[in-house]
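Engineer:
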Amino acid sequence: MEKRPETPAFAHPGDRPMIIGGQRVAAVTGATLPNTDPATEAPLATVPRGGAEDIDAAVRAARAAFLAPSWSGITPGERSRILMQIATVIEQNGEELSLLESVNMGMPVQLTRHLPAGVAAAFRHAAGWPTKLYGQTAPTGPDRLGYTRRQPIGVVGVIWGWNGPLFQLALKLPILLATGNTAVLKPPETASLSTLRFVELLDNTDLPPGVVNVVTGTGAEAGEALIHHPDVNKISFTGSTRTGRHVQQVAATGIKRVTLELGGKSPTVICPDADLKAAAFGAATAFLLGSGQSCVAGTRILVHESIRDEFASHLEQAMAMFTPGDPLDPATLMGPLASQQHFERVTGWFAVAGEEGATIRTGGTRHGERGFFVTPTLLDDVTPDMRVVREEIFGPVAALMSYTDLDDAVREANNTEYGLAASIWTRDLSTAHRLAARIDAGTVWVNTYGEITESLPFGGFKQSGLGREGGLDVLDAYTETKSVLIAI
Ligand code: NAD
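Going by our numbering, the first residue of the sequence shown is number 2, and it counts up by one from there.
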């Protein structure tokens with residue numbers, strides 16, 4: 002990295018507090034964790050290393066707020082109004098929030114500058130729900146009245162990963178609040194700054210204290226305390242399948258509700274009739290956006306054998322546009338990996354690829370000498386049984402494979418324990434619909450990639466998760482249905 006632009010006004014450096022019951026607090030133990038800029042390896046700030054006592058305080062605050070008339074007793078219209086206020090506050094502070102995200106986890110400003118508008122839109126979308134959470138009347142006969150009510154679940158523990166913290170929070174928090182729940186947030190330990198600032202900004206709204214609490218800390222300490230806490234009714238989790246499995250096991254003890262958004266190894270299927278240039282840029286974006294640190298990354302590229310060489314050359318040209326650069330440079334499409342630990346994990350896969358007999362066709366190296374940058378990497382000569390094809394690498398690395406016919410494409414696309422997303426590139430509508438129906442994935446994009454909208458459900462088949470965020474389905478994730486039967 003040659004010349005870094007002027008460091009942005011990083012408004013709140015130093016030790017950042019957590020927020021519990023509206024109060025800014027340190028961890029009970031006084032311990033802290035560093036948050037670092039992955040592009041420069043420079044320390045940014047410290048955050049409290051919260052543990053069981055802090056989680057307990059936050060759960061108590063969330064329970065008190067849940068029961069308080071100022072939250073449980075307000076009208077749906079009032080709840081909508083507060084959600085709209087939150088959207089406005091996010092927009093007013095958008096530049097700071099996007100810069101915090103860029104410096105804390107390395108996502109280019111070219112992407113994070115759209116984040117505040119997206120997060121604000123999620124709150125406005127959710128603001129429409131409180132006044133529309135209808136129940137049903139049931140056909141129960143002339144001397145009975147039966148009806149249903151949708152009620153909040155209670156205190157929801159929210160745990161998520163570092164690869165786009167505010168975006169992931171926006172899939173959970175707006176609807177959680179719209180349905181009347183309260184929250185204890187446990188943000189990712191290496192990228193907590195945008196969440197802490199966001200919760201501070203809630204002071205500028207009429208959201209009652211304690212409705213949203215945040216406890217920073219590690220998964221092993223704060224995370225474990227949250228999933229084990231007996232007064233937490235639901236855990237909404239986004240992260241790896243390994244941790245998600247553990248969350249579900251612990252939740253089973255108290256029959257806590259869970260929503261799990263987990264890992265992926267998504268296929269990108271290139272049909273022979275596709276616009277190859279557009280498909281190549283789409284396929285490159287699918288595994289390089291966010292440096293490949295994306296749950297929906299299209300890391301298995303399945304191309305029809307008849308166009309393999311031509312497509313591969315287009316793909317390598319498209320990959321060149323993602324040469325890593327400073328996230329604060331507006332021209333950068335791909336920044337660094339988010340932490341040293343993750344950088345070591347991803348670069349470790351290059352040796353695995355070699356040992357397994359795969360060829361590194363492009364990339365496979367560190368980029369530059371400072372910061373956790375990795376070159377866009379395309380693996381060739383892979384077989385479906387290789388670990389590099391089966392396991393989530395979570396970096397800018399994809400495997401190129403070919404298929405013979407659509408049955409073969411479907412077989413290979415589904416030859417994975419995951420099922421989060423897929424993309425299909427074709428000009429033939431019939432092929433698009435047929436493939437979309439047969440690929441086991443929660444989301445299938447055709448001639449596009451990565452668009453996640455509040456109005457469509459998002460979630461995983463198989464080991465990519467449980468439950469849905471977005472769409473109508475999300476209402477079931479954050480409400481309990483109560484049946485009322487009255488003799489009349
Ligand atoms: P991770 O599972 O290691 O951590 C995620 C969160 O869980 C962090 O906040 C962490 O502190 C916490 N955690 C870790 N151990 C815990 C424990 N024992 N108890 C409670 N909490 C614990 O995942 P990660 O490496 O931070 O994130 C990358 C993973 O997330 C990838 O697998 C990616 O595919 C997945 N992801 C999925 C989605 C989706 O929507 N499906 C979105 C983004 C990321």
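Note that CB positions come from ideal geometry on N, CA and C, so glycine has one too.
Using the three-state DSSP reduction, which class does Lys235 fall into: helix, strand or coil?
Structural biologist: strand
Engineer: Among residues of its own chain, excluding the 5 on either side of Lys463, which ones have a beta-carbon nearer than 7 Å to its beta-carbon?
Structural biologist: Glu418, Tyr419, Gly420 and Asp441
Engineer: Which complete beta strand (DSSP E) runs does the stretch 348–405 hold, if anything under 3 residues is left out?
Structural biologist: 360–363, 378–381 and 398–404
Engineer: Which whole-angstrom value is the C-beta distance of Ala339 and Pro39, which I expect to be below 8 Å?
Structural biologist: 5 Å
Engineer: Is Glu455 buried or exposed, if buried means 16 or more other CB atoms sit within 10 Å of its CB?
Structural biologist: buried
Engineer: Between which residues of its own chain and Ala139 is the CB-CB distance below 6 Å, once the five residues before and five after are set aside?
Structural biologist: Gly147
Engineer: For Leu436, is the classification buried or exposed, using 16 other Cβ atoms within 10 angstroms of its Cβ as the cut-off for buried?
Structural biologist: buried
Engineer: Assign Thr183 to one of three DSSP states: helix, strand, or coil.
Structural biologist: DSSP places Thr183 in the strand class (E or B) of the three-state scheme.
Engineer: Mark Met322 as exposed unless 16 or more other C-beta atoms lie within 10 angstroms of its C-beta, in which case mark it buried.
Structural biologist: exposed
Engineer: DSSP three-state call for Gly95: helix, strand or coil?
Structural biologist: helix
Engineer: Identify whether Gln152 lies in helix, strand or coil by the three-state DSSP scheme.
Structural biologist: strand
Engineer: If you draw a straight line from the C-alpha of Thr482 to the C-alpha of Lys257, how long is it?
Structural biologist: 15 Å
Engineer: Thinking C-beta only, is Gln111 closer than 8 Å to Thr360?
Structural biologist: Result no, Cβ atoms of Thr360 and Gln111 do not sit closer than 8 Å.
Engineer: Output the boundary residues of the beta strand (DSSP E) element that contains Pro268.
Structural biologist: Pro268 to Ile271
Engineer: Looking at the secondary structure, which residues open and close the alpha helix (DSSP H) in which Ile489 lies?
Structural biologist: First-last for Ile489: undefined, no H or E at that position.
Engineer: With DSSP run on the structure shown, which of helix, strand or coil describes Phe462?
Structural biologist: coil
Engineer: Measuring CA to CA, which of Pro153, Arg145, Gly336 and Ala422 is closest to Lys235?
Structural biologist: Pro153
Engineer: Per DSSP, Gln24 is paired with what?
Structural biologist: Ile21.
Engineer: Taking Thr37 as part of the alpha helix (DSSP H), name the residues at either end of that continuous run.
Structural biologist: In the DSSP annotation of this structure, Thr37 is not part of any alpha helix (DSSP H); the continuous beta strand (DSSP E) holding it starts and ends at Thr33 to Thr37.
Engineer: Could you tell me how far apart the beta carbons of Val185 and Leu227 are, in whole angstroms, since I believe they sit closer than 8 Å?
Structural biologist: 6 Å between Cβ atoms; contact.
Engineer: Go ahead and label Thr489 buried or exposed: buried means 16 or more other beta carbons lie within 10 angstroms of its beta carbon, across all protein chains shown.
Structural biologist: According to the sequence shown, residue 489 is Ile rather than Thr. Counting Cβ neighbours within 10 Å, Ile489 comes out exposed, since fewer than 16 surround it.
Engineer: Quick check on Leu45: does DSSP put it in helix, strand or coil?
Structural biologist: strand
Engineer: In whole angstroms, what separates the C-alpha of Pro325 from that of Gly364?
Structural biologist: 11 Å
Engineer: Identify the residues that DSSP records as bridge partners of Ser510: which are they?
Structural biologist: Since the first and last residues shown for the chain are 2 and 489, residue 510 lies out of range.
Engineer: Following the continuous beta strand (DSSP E) through Val297, name the residue where it begins and the one where it ends.
Structural biologist: Counting along the chain, no beta strand (DSSP E) covers Val297, and no H or E run does either.
Engineer: With Val1 as the anchor, note down where its beta strand (DSSP E) starts and where it stops.
Structural biologist: Only positions 2 to 489 of the chain appear in this structure, which leaves residue 1 out of reach.
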